[in-house]
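**Student:** Under this note's numbering, think of the first position of the sequence shown as 163, with each following residue one higher.
Backbone N, C-alpha and C define an ideal beta-carbon position, used for all residues, glycine too.
Here the structure is a predicted model, which means the values were calculated and not measured.
Below you'll find the structure I mean.
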Amino acid sequence: MKEVERDVAGLGQIQVPKEVSIVMAAFKRLNRPDRSLDIFFETQRAGLKANVITYNSALAAYAKMGQWQQAMDMLDKMRKDGIEPNEISYNSVISACSNREQWARAVDLISEMRRRGLEPDVFSYTSAIWACDRGKQT
163 MKEVERDVAG
173 LGQIQVPKEV
183 SIVMAAFKRL
193 NRPDRSLDIF
203 FETQRAGLKA
213 NVITYNSALA
223 AYAKMGQWQQ
233 AMDMLDKMRK
243 DGIEPNEISY
253 NSVISACSNR
263 EQWARAVDLI
273 SEMRRRGLEP
283 DVFSYTSAIW
293 ACDRGKQT
């Protein structure tokens, strides 16, 4: 872990969204989604404009931590910043909701995907079903 922190510090200021996503993914794989989010917000403060991939990395970090409300807020921020969420974005938020028994929100997100012209996939449905099961909704 210390090696990754040292390597990231050696990069200097990350200036390309692809690099941000790579670093965020590395921290996620190291089971440090909190550090992944730190990178996201640090680069935002530095003026780097996020893209759908960096937003999806942040959403995945929130999902891993089970922070459904923060994931929902990030989805809203994404839209406000002019970035259109994709299936991966929604799947991360649905997953965050399923981890915290937010079954109604998970089901609502599936409906929202359809309204926005996105097609829910097996992961979308499985996560929503999991949320319903955890919330004892059948």
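Tell me, to the nearest whole angstrom, how far the beta carbon of Lys190 is from that of Ser198; I am working on the premise that it is less than 8 Å.
**Tutor:** That belief holds up - the Cβ atoms of Lys190 and Ser198 are roughly 5 Å apart, short of 8 Å.
**Student:** Take Gly297 and list the residues in its own chain whose beta-carbon comes closer than 7 Å to its own, dropping the five residues that flank it on each side.
**Tutor:** So the list reads Glu263 and Trp265, once near-sequence residues are dropped.
**Student:** In whole angstroms, what is the alpha-carbon distance linking Glu167 and Gln232?
**Tutor:** For Glu167, the pLDDT reaches just 48, beneath the cut-off of 50, and the residue's location in the model is therefore unreliable, although a value from the coordinates is still provided. Rounded to the nearest angstrom, the two C-alpha atoms are 25 Å apart.
**Student:** Are the beta-carbon atoms belonging to Ala225 and Ala258 less than 7 Å from one another?
**Tutor:** Cβ atoms of Ala225 and Ala258: closer than 7 Å.
**Student:** Along the chain, where does the alpha helix (DSSP H) that runs through Asp261 open and close?
**Tutor:** Here residue 261 is Asn; the residue named in the question, Asp, does not match the sequence. Residues Glu249 to Asn261.
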